[in-house]
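**Student:**
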Amino acid sequence: MFRMCCKTVVYCKKYLLEHCNTLLLRERRLIPGTIWAMLVADITWSIAMSKNLVTAFLLNLFLGMFASQWTFADDLTGILIVELSGLKDATGDVYIAVYNSEDDWLSEDAVFASEKVAIADALDGELVRTELQLPLDDYALTVFYDADGDGELNTNFIGIPKEPFAMSNNAVAKFGPPKYDEAVFTLGAEPLIQHIVIQTLE
Ligand SMILES: [Ca+2]
Numbered sequence: 155m156f157r158m159c160c161k162t163v164v165y166c167k168k169y170l171l172e173h174c175n176t177l178l179l180r181e182r183r184l185i186p187g188t189i190w191a192m193l194v195a196d197i198t199w200s201i202a203m204s205k206n207l208v209t210a211f212l213l214n215l216f217l218g219m220f221a222s223q224w225t226f227a228d229d230l231t232g233i234l235i236v237e238l239s240g241l242k243d244a245t246g247d248v249y250i251a252v253y254n255s256e257d258d259w260l261s262e263d264a265v266f267a268s269e270k271v272a273i274a275d276a277l278d279g280e281l282v283r284t285e286l287q288l289p290l291d292d293y294a295l296t297v298f299y300d301a302d303g304d305g306e307l308n309t310n311f312i313g314i315p316k317e318p319f320a321m322s323n324n325a326v327a328k329f330g331p332p333k334y335d336e337a338v339f340t341l342g343a344e345p346l347i348q349h350i351v352i353q354t355l356e
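Residues 155 to 356 (our numbering) make up the sequence shown, in order.
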């Protein structure tokens with residue numbers, strides 16, 4: 155019984171630490187929560203080895219689960235509210251692409267997150283409004299209205315969008331698309347509103 159409990163606790167601790175390492179690789183802001191979770195694992199492991207094993211085992215599980223949930227839900231995600239204006243149609247879809255790296259900016263293959271928004275379902279007065287839940291970090295957005303419904307941003311032969319589009323911060327194109335620095339913003343724990351005016355170049 156004692157050996158089985160020891161193995162179970164070791165397995166739970168190993169899982170927790172591996173889970174924390176995965177989080178650490180995914181999101182640098184997880185470090186404080188990760189350290190906290192690892193401390194919980196180590197403290198309860200010490201208790202388990204010296205006193206009441208079953209109590210420590212249950213405490214380990216409870217605190218480990220609590221630490222993970224606390225890490226994810228309370229400290230590490232924020233609400234990004236995207237409000238769009240300037241759309242001339244109340245039907246069709248808007249596509250939002252989220253980037254969190256200058257190196258990935260405007261790459262079709264390296265989008266951090268994306269969302270297809272049905273305009274009819276997201277109308278809030280004259281605005282199209284949607285919410286994204288994202289890890290706390292820096293982001294930049296591109297938005298376009300898919301006028302022909304093919305799911306892609308149509309461009310002309312030199313790459314200029316033929317469908318209404320916009321960037322976060324309402325960054326303006328000048329001799330090329332806006333740079334990441336012009337479109338980037340920081341999502342913190344408080345909900346953040348990005349009010350974006352859709353533009354049509356042609
Ligand atoms: Ca299109």
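For glycine and all other residues, C-beta sits at the position ideal for the given N, C-alpha and C. Since we're looking at a predicted model, the values are computed, not measured.
1) Flag residue 241 as yes when its Cβ comes closer than 7 Å to any non-hydrogen atom of ligand 1, and as no otherwise.
2) For residue 239, which three-state DSSP category applies?
3) Taking a contact to mean a Cβ-Cβ separation below 8 Å, would you say residue 247 touches residue 302 in this structure?
4) For residue 295 and residue 279, I'd like the C-alpha separation in whole angstroms.
5) Suppose the cutoff is 6 Å on Cβ atoms and the five residues either side in sequence are ignored; what does the same chain contact list for residue 182 look like?
6) Taking contact to mean at least 3 C-beta pairs separated by less than 8 Å, is the region 280-289 in contact with the region 317-333?
7) Taking DSSP's pairing of strands, which residues face residue 333 in a bridge?
8) Tell me the DSSP bridge mates of residue 306?
9) If you draw a straight line from the C-alpha of residue 340 to the C-alpha of residue 321, how long is it?
**Tutor:** Walking through what the data contain:
1) Checking the Cβ of residue 241 against ligand 1 gives no.
2) In the structure shown, residue 239 falls within a strand segment according to DSSP collapsed to helix, strand and coil.
3) Their beta carbons are not under 8 Å apart, which means residue 247 does not touch residue 302 by this criterion.
4) 23 Å
5) Confidence in residue 182 is poor, its pLDDT being 44 and thus under 50, which makes the residue's placement unreliable; the coordinate value appears in the next sentence. Cβ neighbours of residue 182 beyond the five flanking positions: none.
6) No: the two stretches stay apart, fewer than three of their Cβ pairs being nearer than 8 Å.
7) Paired residue(s): none; residue 333 is not in a bridge.
8) Its beta-bridge partners do not exist; DSSP assigns none.
9) 15 Å
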